[in-house]
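So in this note's numbering, spot 214 of the sequence shown is number 524, and the numbers just go up one at a time. Cβ coordinates follow ideal geometry from the N, Cα and C atoms, glycine included. Data first, discussion second: the structure below is written as structure tokens.
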Amino acid sequence: MGDDKDNGKQGYEKHPFLLSVDEVGQILKTNTETGLPDVDVVKRQEEYGPNRLHGDGGPRWYSLLGKQISNAMILVLVLAMALSYGVSDYIEGGVITAVIVLNVVIGFYQEFKAEKKMDALRSLSSPSANVIRNGHEITVPSGEVVPGDIVQIKMGDTVPADIRLIEAMNLDAIGTELDTGVGDRLNMAYSSSTVTKGRGRGIIVFTGMYTEIGKIAQSMQGKQRKAGRSMSRKKYGNFQPFKGGALRVWDRIGKFLGLTEGTPLQIKLSKLAYVLFGCALLLAIIVFGVNRFNVTNEVAIYAISTGIAIIPESLIAVLTITMVVGMTQMRRRKVVVRQLSALEALGGVTNICSDKTGTLTQGQMVTRKAWIPGAGVYSLHKSDDANNPTRGTITLEQPPASKQEAEQERERKRAEQDVLRSTAGLKFDIPAEKEQRNQRRIEERNETPPEKDDPEENALPEMIPELEAFVTSAALCNLATVRHDPQSDTWQTIGDPTEVALQVFSLRFGLGKKALETQYGWKQLAEYPFDSSVKRMSVIYRHADDPETVVFSKGAVERIIDLCITVGVGDHQEAMTPKIKQDILEQMNFLAEQGLRVLAIAQKPGPTGFDPHSQQIPREEIEKDLTLLGLAGLYDPPRLETKDAVKECTMAGIRVHMLTGDHPSTASAIAKEVGILPRNAGTLSAEEARSLVKTAAEFDGMTDEEIDALPSLPLVIARCAPDTKTRMIAALHRRRRYCAMTGDGVNDAPSLKAADVGIAMGLAGSDVAKSAADIVLTDDNFASIVNAIEEGRRMFENIQKFILHLLTSNVGEVVLLIVGLGFQDISGVSVFPLSPLEILWINMLTSSFPAFGLGREKASATVMHRPPHDTKKGRLHLADHY
């Protein structure tokens, strides 16, 4: 939707998901087979406007300009300018005017450029749509679709608008249930969702601000405001109408003056500006008093000169240019700053709340382990490319036979990690050494396993019936495709990362889906797609001309295991007993504790003579009496630079919190691997150790008082929900912490707004998340956050240096002018030693250029080895220099 005039034009008596396809088609006057004619499309585009979000696409140019003019230091300079013109000192007034214009233009230009960059990022969402018009399928920009368009969506597409589905084949769109909370509407697909499986066709029923994502964007428009002052008599007693009202008036005055809202530096500079203005007035009164209030032009000019000498006219220009330079540096380090003030806020961050997938990790799944009953554990080693089935080696190991052996294995791995940390990890992070260490890690990961020198190491384990059944089931119960592109010599994948990982694992043994179907004669007859309510997927296949069929299933372990009556194949098959079931769950926990996502793979004989065209067998009948073939442990490896980034945060006094939707054991293992959780919690008290990791259910079930009573807030929250993130931020604020929050979904917008620094993902982030954020990561990398914080601290150090430099110069001028009051001419009027023009020359030229140099200095070697500054006080502490 484009304008308010369109309100009410996309209304229905019932929501489209409650209507049949024919009813929706009749209401929208569209043909579900041939689509809309071009004439109707043009009319509807004029009626409904473009299909885009509006109102929160960034501030208007005039609001950015007004923001620059209303700056506290600018207002002080405006008053000084007015006084100069008032006494006909046009030279001084003109110079101050030039300073004001320079500051406003620089700040406006840079923030306007930042908004343009955000517009480019917004274009990443829903770039095009495949629609049927006049009976032909064409591709149009997503902003040009209208209600009534028939749209085709397939794997990899972004849904351009809210769609009432006509047909769907194994369709799964990420973003629908997670981001909008409307996952129960199974016949709908929602704007900005990404199709990860299958295909579909539907009628566009809502566009623009009438979509679900548009409604959330509408609710998120505008800046978050402070809560109003309480007017309760319980708090203010009988004086409630007066005291509560007076405080609200002060809130509004303080907001206008910049004294109650903004970042710590903004508030501190506002206070500094008004303190200096007060000093200027006091100095002017002193000048008038010494001259017995004989107000002549000469005395007035002297008073203005003395007053303006204390004001660092170049402060705003130097500050703005310093921030602009910092902003430019951020762009080079994969960070887009939406507002210059966010740079300052980054320097004071004390806590970072980060998602796991794609931010701390690479966002690419790889099947690292496969436990197969009767065979053992197949483990993948030395693989540097998750999508390349030819890289890495696979070994067969025996799983722990008991809990004691499992615990001994864990202790052995902890000991190995301790040795590595004691010999290699505890090094000073000298930049050159850090770079060499990262390079060694890259070389180790890229090292190709030997192919000819050690054939035994490169050989695959023997293909046994248990392994063949497992990889065949993993490949066929799968919608992903993996293929080698000979031109680029790369492996290309399409599909859900989980299914891609299973498909790649099967390809390592030469049993990929394509080979099984084309070379081995397997033919798919039916599919029961993944359903979030049952958390599993099944397919029915027939082998060659065999009348018998086979059912292959995969899904969550706790959902599959309850449907199994046997375990293993061939001679090793045995009935499922409570003891065997418990052993399987222990194997699942053992894999999960290694940071792996665990899935169960199963199969069973299917119905004889099954005809998919004439037979419809209920899912409950197909997915029962299964045989468990094994467990697959999928790993999303941390980014190469994540561990060093977390370590750098720890040295800088910043705590990193992982908020993820993963299983607690998986989340804890990854957190330990990247250094968020201590590997040895023995030095902590029992209460502190218990508070390190919590599920969202546990955290949300606590009252605010119980959360505040915790010795420390959780470092890991598993199975995290959107509301949990908001509660975490509130808990941090109650502890006087200054926090940054990452997010990419629509439902992350409230938490991004609530955080002191909202950080959106540029690649995976939704438009609403980007609009709610203060900065955007163009590479979705956690290490970029640390780079941004380092740049913020560098900028802060330099701001402190040049403010001290400017104020020192100004104080010297004031002392000289006050001493000059003692020298009077024959008429008894003080003779000023410095003229206004000389003062401005000193302030603007001789002081400003050194200040510019101080503002662009490189960061000190210890900038990330100190705790964050006190955000309540800001950063303007002269004592910090001594």
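When DSSP labels each residue in this structure, what does residue i get in the three-state scheme?
{"i": "E858", "result": "coil"}
{"i": "S798", "result": "coil"}
{"i": "D841", "result": "strand"}
{"i": "S1158", "result": "helix"}
{"i": "L835", "result": "strand"}
{"i": "D1033", "result": "helix"}
{"i": "F1106", "result": "helix"}
{"i": "C874", "result": "strand"}
{"i": "P1024", "result": "coil"}
{"i": "G1011", "result": "coil"}
{"i": "D472", "result": "strand"}
{"i": "F516", "result": "strand"}
{"i": "Y264", "result": "For residue 264 there is no data in the structure shown, the boundaries of the chain being 311 and 1192."}
{"i": "A1070", "result": "strand"}
{"i": "D881", "result": "helix"}
{"i": "A825", "result": "helix"}
{"i": "T703", "result": "strand"}
{"i": "G510", "result": "strand"}
{"i": "A483", "result": "strand"}
{"i": "M1038", "result": "helix"}
{"i": "P888", "result": "helix"}
Just how far apart, CA to CA, sit residue i and residue j?
{"i": "D1150", "j": "G617", "result": "According to the sequence displayed, residue 1150 carries Leu and not Asp. Their backbone Cα atoms lie some 12 Å apart in a straight line."}
{"i": "E487", "j": "K1035", "result": "Any reading at E487 needs caution, since the residue's pLDDT is 43, under 50, leaving its predicted position unreliable; the model's value is listed next. Their Cα atoms are separated by approximately 18 Å."}
{"i": "D1089", "j": "V861", "result": "41 Å"}
{"i": "Y546", "j": "R869", "result": "Confidence is the limiting factor: at Y546 the pLDDT is only 47, short of 50, which leaves the residue's position unreliable and the question unanswerable from this model."}
{"i": "N341", "j": "G335", "result": "7 Å"}
{"i": "W560", "j": "L586", "result": "21 Å"}
{"i": "S1022", "j": "K1004", "result": "12 Å"}
{"i": "L385", "j": "Y395", "result": "15 Å"}
{"i": "Y322", "j": "Y358", "result": "15 Å"}
{"i": "I911", "j": "P917", "result": "19 Å"}
{"i": "A1041", "j": "G657", "result": "21 Å"}
{"i": "P1202", "j": "R1037", "result": "Given a span of 311 to 1192 for the chain in the structure shown, any question on residue 1202 remains unanswerable."}
{"i": "P347", "j": "L338", "result": "13 Å"}
{"i": "E925", "j": "N444", "result": "The displayed chain sequence assigns Gln, not Glu, to residue 925. Their Cα atoms are separated by approximately 36 Å."}
{"i": "L1144", "j": "L1025", "result": "60 Å"}
{"i": "D1010", "j": "I614", "result": "60 Å"}
{"i": "L944", "j": "L690", "result": "11 Å"}
{"i": "V450", "j": "A1079", "result": "25 Å"}
{"i": "D1066", "j": "D954", "result": "24 Å"}
Please classify residue i as buried or exposed, where buried requires at least 16 other C-beta atoms within 10 Å of its C-beta.
{"i": "E1123", "result": "buried"}
{"i": "S863", "result": "buried"}
{"i": "K828", "result": "According to the sequence as given, residue 828 is Thr; it is not Lys. When all chains shown are included, T828 counts as exposed."}
{"i": "F840", "result": "buried"}
{"i": "Q1134", "result": "exposed"}
{"i": "D795", "result": "exposed"}
{"i": "Q813", "result": "buried"}
{"i": "H446", "result": "exposed"}
{"i": "V661", "result": "The sequence given here places Asn at residue 661; Val does not occur at that position. Counting Cβ neighbours within 10 Å, N661 comes out buried, since at least 16 surround it."}
{"i": "W832", "result": "buried"}
{"i": "G518", "result": "buried"}
{"i": "S503", "result": "buried"}
{"i": "F603", "result": "exposed"}
{"i": "Y400", "result": "exposed"}
{"i": "D806", "result": "buried"}
{"i": "M968", "result": "buried"}
{"i": "I410", "result": "buried"}
Can you find a CB in chain D that lies within less than 9 Å of the CB of residue i?
{"i": "R1166", "result": "Among the chains in the structure shown there is no chain D, since it carries only a single protein chain."}
- the stretch 783-801 in contact with the stretch 813-830 per 3-pair CB rule at 8 Å: yes
- Item | Three CB pairs or more closer than 8 Å across the stretch 449-464 and the stretch 348-363 | yes
- Item | beta strand (DSSP E) runs wholly inside the stretch 891-965, at least 3 long, in chain order | 907-915 and 936-945
- Item | Within the stretch 333-381, ranges of the beta strand (DSSP E) (whole runs, at least 3 residues) | none
- Query: Could you give the uninterrupted runs of the beta strand (DSSP E) lying entirely in the stretch 640-695, keeping only those of 3 residues or more?
  - Reply: 645-647, 661-664, 676-682 and 686-691
- Message: Using a Cβ distance threshold of 8 Å, determine whether the stretch 683-703 contacts the stretch 1083-1100, with at least three qualifying pairs required.
- Response: no
- Item | Cβ pair count under 8 Å reaching 3, the stretch 632-644 against the stretch 1104-1114 | yes
- Message: Taking contact to mean 3 or more Cβ pairs, one atom from each stretch, closer than 8 Å, check whether the stretch 949-967 and the stretch 995-1005 are in contact.
- Response: no
- Query: Is the stretch 904-913 touching the stretch 970-977, taking contact as three or more C-beta pairs under 8 Å?
  - Reply: yes
- Task: Answer yes if the stretch 1114-1123 comes into contact with the stretch 1155-1172, meaning at least three C-beta pairs across the two stretches below 8 Å, and no otherwise.
- Result: yes
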